[in-house]
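J.: Residue numbers (the working numbering), protein chains in the order written: chain R, 1 to 240; chain A, 1 to 240.
Glycine is no exception: its CB is placed at the ideal position from the N, C-alpha and C atoms.
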DNA sequence: GCAACGATTTTGGTATACCAAAATTCGACG
DNA sequence: CGTCGAATTTTGGTATACCAAAATCGTTGC
């Protein structure tokens, strides 16, 4: 059998459907229908739904069908505030704990992002953006922090993706990333804190703008393009 | 039937067993045996185990029995670092957002703690301590932050409880709590940040001491006394 | 017409049965 | 006496069946 359990595969599949907009916010996820649609039984589908609920992508209601989460702007902003604090902490810890190899990987991702910024589509561009932030978090050498941060990244995936699609902002983002890289390499905790904070502040502004243009439901239609879109990995189980 | 689902009740029960030390760190939780022992079927027990795993109290291993988590000192310290950041953020937000009523509740809890500090047993004392910190987090008016913080409180419950049992530290803890209350009331974000940080630093020291005296497994035997011990509520489902 | 009520259907929650890895046991062989 | 390996047992993963709330819809009485 496959190395992953069925429930995890289903969670991955549903997560893609939600994040790419194929499952609209507020849509019902009936256990019988969905499991039949995927050709599996209800048991692993139920488990998958709980996984997604713990990531904030699905809302559980007592004795009622789970629905695709439809967070309000306040909830998204609240999540961003928390993720901001986690990223600042991660960056500061990375200043202290990152190995030379990790700094190289971060630098390489930044340079790749610079290289493709003119030509890449939103999807490929965003993939590198995600990898950049995730690598910094990993360099903190704090597994709990990395897990929690990953969870917030997942639930903020869609708003972040939409914001990253604003091509006019790419120069600023790249400049800030460059400053963060500089701060990490020189192990300047004050600098990285300021830059991460500023980075998030712009993100909040952009997402607020987008949200006010498309108050509820789908800001922008289904994400098309390559199906090889990186589905965020579910939080790794920690083998203590 | 009861208002809570069976899986949640099982999770509550297992959580109490783990946190009070009735289930030793590293102990196997076999699905068949445990479910039979509780007189329920495997399905809700499985779900309960996933809940506890998401709280970090149980470790899942592929195709092997789940075991009670047995975190290393580094993992506990890592968790404390994250919780510290979350508490600082919560306290700063509470400075901005707390209502007068919430500040009153926080003050009342602090005064209750002062009143019972000489007479109370470890369990009752710790209950108030938990409530104090949880109320501050709630006053941040950021639900995600409160949930995430609650999760870290849960997984750090046992080390925190053992540290709080050190009676010699109570005067310092009470003084720091008083400073935090003052900072909140005067909405002085700098003050509360410093005090929360210092609070956590002492906690890390105490837990490190305890851990080095009892490296693995049980530092201190099963918690006895009243069975009415507050079992931490599982993270509330957020009705968006 | 319409509102209140009850039968039917739908749906999540739980129990049970089955399957396939993984662990264990025990005997054959060196 | 030790070691390797196959049969057996144990155990987590999955499918299916059953139950009880909740929602839906049709009916009835006003």
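So what does DSSP say about residue 73/A, is it helix, strand or coil?
T.: The answer is helix: DSSP assigns residue 73/A an H, G or I state.
J.: Below 7 Å between beta carbons: does that hold for residue 196/A and residue 91/A?
T.: Cβ atoms of residue 196/A and residue 91/A: closer than 7 Å.
J.: Considering residue 67/R, what are the terminal residues of the beta strand (DSSP E) in which it resides?
T.: Residues 64 to 68.
J.: Could you compute how far the alpha carbon of residue 103/R sits from the alpha carbon of residue 83/R?
T.: Looking at the two C-alpha atoms, the distance is approximately 21 Å.
J.: Going along the chain, which unbroken runs of the alpha helix (DSSP H) with 4 or more residues stay wholly within the stretch 74 to 144 of chain A?
T.: List check, alpha helix (DSSP H) in window: 100 to 116, 122 to 138.
J.: Which term fits residue 205/A, buried or exposed, when burial requires 16 or more other beta carbons within 10 angstroms of its beta carbon?
T.: With fewer than 16 other Cβ atoms within 10 Å, it is exposed.
J.: So, at 6 Å on beta carbons, what are the nonlocal neighbours of residue 110/A in its own chain, with the 5 sequence-adjacent residues on each side left out?
T.: 177, 181, listed in sequence order.
J.: In the structure shown, what three-state DSSP assignment does residue 6/R receive?
T.: Residue 6/R falls in the helix class under three-state DSSP.
J.: DSSP beta-bridge partners for residue 58/A?
T.: Residue 58/A is bridged to 68/A.
J.: Based on the DSSP secondary-structure assignment, which residues constitute the bridge partners of residue 28/R?
T.: Partner(s): 67/R.
J.: Taking only the alpha-carbon atoms, compute the straight-line gap between residue 212/A and residue 154/A and give it to the nearest angstrom.
T.: One C-alpha to the other measures close to 22 Å.
J.: Would you say residue 44/A and residue 10/A are within 7 Å of each other, going by their C-beta atoms?
T.: Yes. Within cutoff.
J.: Would you check if the distance between the CB atom of residue 70/A and the CB atom of residue 26/A is smaller than 7 Å?
T.: Contact flag set, yes.
J.: Going along the stretch 128 to 154 of chain R in order, which residues come within less than 7 Å of chain A, judged by CB to CB distance?
T.: Flagged, chain order: 142, 143, 144, 145, 148.
J.: Select from 118/A, 18/A, 133/A, 62/A the residue whose C-alpha is nearest the C-alpha of residue 105/A.
T.: With distances taken between Cα atoms, residue 105/A lies closest to 133/A.
J.: Taking only beta-carbon positions, decide if residue 54/A is within less than 7 Å of chain R.
T.: By this cut-off, residue 54/A is an interface position.
J.: Could you name the residues of chain A that residue 14/R contacts, counting a contact when the two beta carbons are closer than 9 Å?
T.: Here the premise fails: no neighbours, minimum Cβ distance about 16 Å.
J.: Alpha carbons only, please: which of 95/A, 12/A, 22/A, 202/A is nearest the one belonging to residue 175/A?
T.: That would be 202/A, whose Cα lies nearest to the Cα of residue 175/A.
J.: Out of 118/A, 119/A, 151/A, 141/A, which one is the CA nearest neighbour of residue 130/A?
T.: Comparing Cα-Cα distances from residue 130/A to each of 118/A, 119/A, 151/A, 141/A, the minimum goes to 151/A.
J.: Check each candidate in 5/A, 161/A, 14/A and name the one with the smallest Cα separation from residue 37/A.
T.: Taking only the C-alpha atoms, the option nearest residue 37/A is 14/A.
J.: Please name the residue, chosen from 75/R, 89/R, 76/R, that lies closest to residue 79/A on a Cα-to-Cα basis.
T.: When each option's Cα is compared against that of residue 79/A, the closest is 89/R.
J.: Out of curiosity, what's the CA-to-CA distance linking residue 21/R and residue 119/R?
T.: Their backbone Cα atoms lie some 24 Å apart in a straight line.
J.: Helix, strand or coil for residue 183/A? Go by DSSP, reduced to three states.
T.: Helix, per DSSP.
J.: Let me check understanding here. Comparing Cα to Cα, which of 4/R, 5/R, 6/R, 57/R lies closest to residue 29/R?
T.: The option with the nearest alpha carbon to residue 29/R is 57/R.
J.: Strictly below 9 Å CB to CB, what residues from chain A border residue 85/R?
T.: 85, 86, 88, 89, 145, listed in chain order.
J.: When you compare each of 62/A, 52/A, 24/A, 6/A to residue 5/R by their alpha carbons, which one comes out closest?
T.: Closest option to residue 5/R, Cα to Cα, is 62/A.
J.: Just the Cα atoms here: how many angstroms apart are residue 81/A and residue 32/R?
T.: Near 43 Å, if we compare the C-alpha coordinates of residue 32/R and residue 81/A.
J.: Buried or exposed for residue 46/A, please, with buried defined as at least 16 other CB atoms from any protein chain shown within 10 angstroms of its CB.
T.: Answer is buried; the Cβ neighbour count reaches 16.
J.: Return the Cβ separation of residue 19/A and residue 86/A in integer angstroms, given the expectation that the two are a contact with Cβ distance under 8 Å.
T.: Residue 19/A to residue 86/A, Cβ: 20 Å. No contact.
J.: Can you grab the Cα-Cα spacing for the pair residue 124/R / residue 187/R, in whole Å?
T.: Going from the Cα of residue 124/R to the Cα of residue 187/R covers about 29 Å.
J.: May I have the straight-line CA-CA distance separating residue 167/A from residue 210/A, to the nearest angstrom?
T.: Spanning the two alpha carbons is a distance of roughly 14 Å.
J.: Under 7 Å, do residue 94/A and residue 140/A count as touching if we go by C-beta distance?
T.: The answer is yes: Cβ separation under 7 Å.
J.: Cβ closer than 9 Å: which chain R residues qualify as neighbours of residue 47/A?
T.: Chain R residues near residue 47/A: 46, 47, 50.
J.: For residue 48/A, count neighbouring C-beta atoms within 10 Å of its own C-beta (all shown protein chains included) and say buried if the count is 16 or more, exposed if not.
T.: The residue in question, residue 48/A, is buried, as its Cβ has 16 or more Cβ neighbours within 10 Å.
J.: Could you check whether residue 23/R and residue 68/R sit closer than 7 Å to each other, using their CB atoms as the reference points?
T.: Contact: yes.
J.: For residue 81/R, which residues in chain A fall below 8 Å Cβ to Cβ?
T.: Going along chain A in sequence order, the residues near residue 81/R (Cβ under 8 Å) are 89, 93, 142, 145.
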